[in-house]
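Asks:
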């Protein structure tokens, strides 16, 4: 088994398991969560630059709800840049999968790329295959076996699913690598497309515009620096915001709270344990 354990604060509420080896499908990361308490859990989800799939595997009940009141249990898919999402339940045991937008387009058939998709049911996207996978995951004897089952299902879907345009994948990759600092016009030139064509294809395949993608990636970078204990003024200056007020507006728009509240967000407290392999540990 890979790293498992607890972080400070909210992370101590969870036993967290991660795969012992790197997966075969780039752009996919997984972690297993088991609540250490039977008390009710109610967590606000901080938007992240990936599509998240949550599969409930225990005897408890996990419900994922978006800002529009759409509520899914069992297998829930949180679309890219969805805001106002909350996870609620008791005695939770679940597998979470993070999919890069390019992978999600193939694996989920583009079903979560519709603007405003928010939270959707995996069963609505995969049909009975989602139910069968959940049953097999519940019956598996270890987290490592669960990770292997999930990876096989994702790989099969990816190979059979629709691929994004290479130019769209390139622009997303450049956006992520630069923490959202490269202008859309420059990315369009590098991809060999007009700005209008890039905007249209990117949005139709990933569900958001290139500008919104850059804002999301920059917000994520800033949020992790805030969670690492850096002050808002320093974070704003070092992550490309015009000033501290600009950072405040973006954090409020994505997370619905202030930078101070984001810094203490329980959802971010588990990242250094569950998602350390993603390379999103905030810099010192």
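In this note's numbering, the protein residues as written are 57 to 340. C-beta atoms are modelled at their ideal positions from N, C-alpha and C, and glycine is treated no differently. Nothing here was measured: the structure is a model prediction, and the numbers come from that model.
Among residues of its own chain, excluding the 5 on either side of residue 340, which ones have a beta-carbon nearer than 6 Å to its beta-carbon?
Replies: Position 284 of the chain shown, counted from the first residue, corresponds to residue 340. For residue 340, the pLDDT reaches just 33, beneath the cut-off of 50, and the residue's location in the model is therefore unreliable, leaving the point undetermined.
Asks: Quick check: the Cα distance between residue 61 and residue 150, rounded to an integer number of angstroms?
Replies: Reading the chain shown from its first residue, position 5 is the one you call residue 61. Reading the chain shown from its first residue, position 94 is the one you call residue 150. Reliability of the predicted coordinates at residue 61 is poor, the pLDDT of 34 falling under 50, and the value obtained from them is presented with this limitation in mind. One C-alpha to the other measures close to 16 Å.
Asks: Would you decide whether residue 298 is buried or exposed? Buried here means 16 or more other CB atoms lie within 10 Å of its CB.
Replies: As a position in the chain shown, residue 298 is number 242, starting the count at 1. Residue 298 should be labelled exposed.
Asks: May I ask you to report which of helix, strand or coil DSSP gives residue 98?
Replies: As a first step, residue 98 must be located in the chain shown, where it is residue number 42. It is a strand residue.
Asks: Using the C-alpha atoms, what's the distance from residue 204 back to residue 126?
Replies: For this step, residue 126 is matched to residue 70 along the chain shown. For this step, residue 204 is matched to residue 148 along the chain shown. In a straight line, the C-alpha of residue 126 is about 30 Å away from that of residue 204.
Asks: Nearest chain C C-beta to residue 87 closer than 9 Å, yes or no?
Replies: The structure shown contains no chain C, having only a single protein chain.
Asks: Applying the criterion that 16 or more other CB atoms from any shown protein chain within 10 Å of the CB defines a buried residue, is residue 145 buried or exposed?
Replies: Counting from 1 along the chain shown, the entry for residue 145 is found at position 89. So residue 145 counts as buried.
Asks: For a test of the three-state rule: what should DSSP assign to residue 316, helix, strand or coil?
Replies: Counting from 1 along the chain shown, the entry for residue 316 is found at position 260. Three-state DSSP puts residue 316 in a helix.
Asks: Got a sec, what are the start and stop residues for the alpha helix (DSSP H) residue 224 sits in?
Replies: Numbered from 1 along the chain shown, position 168 holds the residue referred to as residue 224. Residues 222-233.
Asks: Does DSSP classify residue 276 as helix, strand or coil?
Replies: The residue labelled residue 276 in the question sits at position 220 within the chain shown. Reduced to three states, the DSSP call for residue 276 is helix.
Asks: Under a Cβ-count criterion, where at least 16 other Cβ atoms within 10 Å of its own Cβ denotes burial, should residue 158 be classed as buried or exposed?
Replies: By one-based count along the chain shown, residue 158 stands at place 102. Result: buried.
Asks: Consult DSSP for residue 206 and reduce its assignment to one of helix, strand or coil.
Replies: Position 150 of the chain shown, counted from the first residue, corresponds to residue 206. Helix, per DSSP.
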